[in-house]
DNA sequence: TAGATTGTTAATCGATTAACAATC
DNA sequence: TAGATTGTTAATCGATTAACAATC
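Residue numbers (my numbering), protein chains in the order written: chain A, 3 to 212; chain B, 3 to 212.
Here it is in structure tokens:
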């Protein structure tokens, strides 16, 4: 699977987008140096990343903020609204449903599902929890593009399998498992205990040198 | 800042640890091939990663699971219990406090702080929410090693600055901001809207080739 | 023009991987 | 011994970065 943009670049474009939101309050154009500072990277990196999106900066001036924003949005495919289904209505699933970043900027949580009958029918932030059995029709009817897995680890693989079978090609996995899936299915893993363990390493890394 | 292990390796060790937990139910030794399969990487990668930790596999046999577990735990600094303070007692902060991965495996949430007086005094999963003003004494007294920032974006930098000043060197940041900090402070960023935007890219990446 | 900043090159760096000798 | 699997090398791949000509 080769993509039109380097994966690392794709991961930084959202940072630039956020930086543009900040500078747009006071400026019309922005330099790669400013963006680099706000995104925590080098300016050469910014220029290279932006060149992939076909951006057009002006030498001696910088990038037009409005133009760049829409160019990045197009590159990331953010024009179309994207429907999200969250599986798992526990603490995390509920928090995610409430997360402002999910609602804003083209993403919309259209369904929350859980296997626990006690949770089915509950209202979370205006969305009624549905039975997990409804996953396939929900994906189909509501044209779900991204499934967020917020279940315990042992349920994650089965949910992923079903989602993939139903046509989903993008999964955001919060369960602490590495999901098996076909090559054309993209999975982003957000693993809190892994993050902690990585920080733990640095906390104790006595061999580190400045 | 140069570390004793490649950063990419550090990020994979937790996966191997989890895989070891799975295979330990049925086996005493494990091959790099098995670990690779469970972690979703190549076996050569596993062997290389493990070689950094000073592991000792046996040719023709594999790795002793118990030995490997403790070797990885040592490499990640997981022997000592690590105290965590969560800043922000909103939906996300509360969910994090309840997250099983935080409690288990050597990490312990010792404090939750919030600037909102209405939340101070509330009980979250057995921990009383404290006033954010208490951050410094809490870090000091409870020997907090990791601060988790679960505040809105506009509060994150200030919280980080104060935590760093109080001696914290590891931050897990859930706020959608790139934090400025000294070189010796490690920040892991978990950004849900960035994850979604990355998935959005792949969803629309028509130039992708198999 | 003088100053600023882009776009791109080429060098560098680091990480991945296939392959295989070593050896249990 | 024969089979399995490690540890490590060397090749490859991809990503970062300094540097600077181009040019607004």
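We put the beta carbon where it would ideally sit given N, CA and C, even for glycine.
Residue i, enclosing alpha helix (DSSP H) - first and last residue
{"i": "residue 128 of chain B", "result": "Residue 128 of chain B -> no alpha helix (DSSP H), and no H or E assigned at all."}
{"i": "residue 23 of chain A", "result": "9-25"}
{"i": "residue 178 of chain B", "result": "Looking at the DSSP string, residue 178 of chain B is not in any alpha helix (DSSP H), and its letter there is neither H nor E."}
{"i": "residue 81 of chain A", "result": "Careful: residue 81 of chain A lies outside any alpha helix (DSSP H) and carries neither H nor E."}
{"i": "residue 49 of chain A", "result": "45-54"}
{"i": "residue 1 of chain B", "result": "An answer regarding residue 1 of chain B cannot be provided, because it is not within the stretch 3 to 212 covered by chain B."}
{"i": "residue 207 of chain A", "result": "It is not in any alpha helix (DSSP H) - residue 207 of chain A carries neither H nor E in the DSSP assignment."}
{"i": "residue 37 of chain A", "result": "34-41"}
{"i": "residue 2 of chain A", "result": "Here chain A has residues from 3 to 212 only, and residue 2 of chain A is not among them."}
Residue interval of the beta strand (DSSP E) (run including residue i)
{"i": "residue 191 of chain A", "result": "188-191"}
{"i": "residue 115 of chain B", "result": "109-116"}
{"i": "residue 174 of chain A", "result": "172-175"}
{"i": "residue 147 of chain A", "result": "146-151"}
{"i": "residue 89 of chain A", "result": "84-89"}
Proximal residues of chain B, C-beta to C-beta of residue i below 7 Å
{"i": "residue 178 of chain A", "result": "20 and 103"}
{"i": "residue 144 of chain A", "result": "Ordered by position in chain B, no residue passes the 7 Å Cβ test against residue 144 of chain A, which lies about 15 Å from the chain."}
{"i": "residue 71 of chain A", "result": "Simply none; closest approach about 13 Å."}
Any C-beta of chain B under 8 Å from that of residue i
{"i": "residue 171 of chain A", "result": "yes"}
{"i": "residue 196 of chain A", "result": "yes"}
{"i": "residue 159 of chain A", "result": "no"}
{"i": "residue 16 of chain A", "result": "yes"}
{"i": "residue 58 of chain A", "result": "no"}
{"i": "residue 90 of chain A", "result": "no"}
{"i": "residue 97 of chain A", "result": "yes"}
Proximal residues of chain A, C-beta to C-beta of residue i below 8 Å
{"i": "residue 41 of chain B", "result": "180"}
{"i": "residue 13 of chain B", "result": "196 and 200"}
Residue i: CB within 7 Å of a non-hydrogen atom of the ligand FMN
{"i": "residue 27 of chain B", "result": "Only the bare structure without any ligand can be found here, which leaves the ligand FMN out of the picture."}
Residue i burial status per 10 Å Cβ neighbour count (16 or more: buried)
{"i": "residue 14 of chain B", "result": "buried"}
{"i": "residue 119 of chain B", "result": "exposed"}
{"i": "residue 21 of chain B", "result": "buried"}
{"i": "residue 211 of chain B", "result": "In this prediction, residue 211 of chain B has a pLDDT of 46, which is less than 50 and means its spatial position is unreliable; nothing more can be read from the coordinates."}
{"i": "residue 32 of chain A", "result": "buried"}
{"i": "residue 185 of chain A", "result": "exposed"}
{"i": "residue 197 of chain B", "result": "buried"}
{"i": "residue 132 of chain B", "result": "buried"}
{"i": "residue 199 of chain B", "result": "buried"}
{"i": "residue 110 of chain B", "result": "exposed"}
{"i": "residue 8 of chain A", "result": "exposed"}
Cross-chain neighbours of residue i in chain A, by beta carbon under 9 Å
{"i": "residue 202 of chain B", "result": "78, 79, 80, 82, 84, 108, 109, 147, 148 and 172"}
{"i": "residue 37 of chain B", "result": "Within 9 Å Cβ-Cβ: nothing; residue 37 of chain B doesn't reach chain A, min ~11 Å."}
{"i": "residue 46 of chain B", "result": "Under the 9 Å cutoff, chain A gives no residues; its nearest Cβ is about 18 Å from residue 46 of chain B."}
{"i": "residue 94 of chain B", "result": "94, 97, 98, 100 and 101"}
Chain-ordered chain A contacts of residue i [CB-CB under 7 Å]
{"i": "residue 206 of chain B", "result": "79"}
{"i": "residue 26 of chain B", "result": "Here the premise fails: no neighbours, minimum Cβ distance about 15 Å."}
Test: residue i CB closer than 8 Å to a CB of chain A
{"i": "residue 199 of chain B", "result": "yes"}
{"i": "residue 115 of chain B", "result": "no"}
{"i": "residue 192 of chain B", "result": "yes"}
Neighbour list for residue i in chain B, Cβ cutoff strictly below 8 Å
{"i": "residue 53 of chain A", "result": "None at all; the shortest Cβ gap to chain B is about 16 Å."}
*asked:* Counting beta carbon pairs with one atom in the region 81-95 of chain B and one in the region 109-120 of chain B, are three or more of them shorter than 8 Å?
replied: yes
*asked:* With three or more C-beta pairs closer than 8 Å as the rule, is the region 123-131 of chain B touching the region 150-163 of chain B?
replied: no
_Under 8 Å, with one C-beta from each stretch per pair, do the region 38-56 of chain A and the region 94-103 of chain A reach the 3-pair mark?_
no
*Say whether the region 169-188 of chain B touches the region 130-146 of chain B, bearing in mind that this needs 3 or more beta-carbon pairs closer than 8 Å, one atom from each stretch.*
yes
*How do the region 48-62 of chain A and the region 52-61 of chain B stand: do at least 3 beta-carbon pairs fall below 8 Å, yes or no?*
no
*Taking contact to mean at least 3 C-beta pairs separated by less than 8 Å, is the region 72-83 of chain A in contact with the region 24-44 of chain A?*
no
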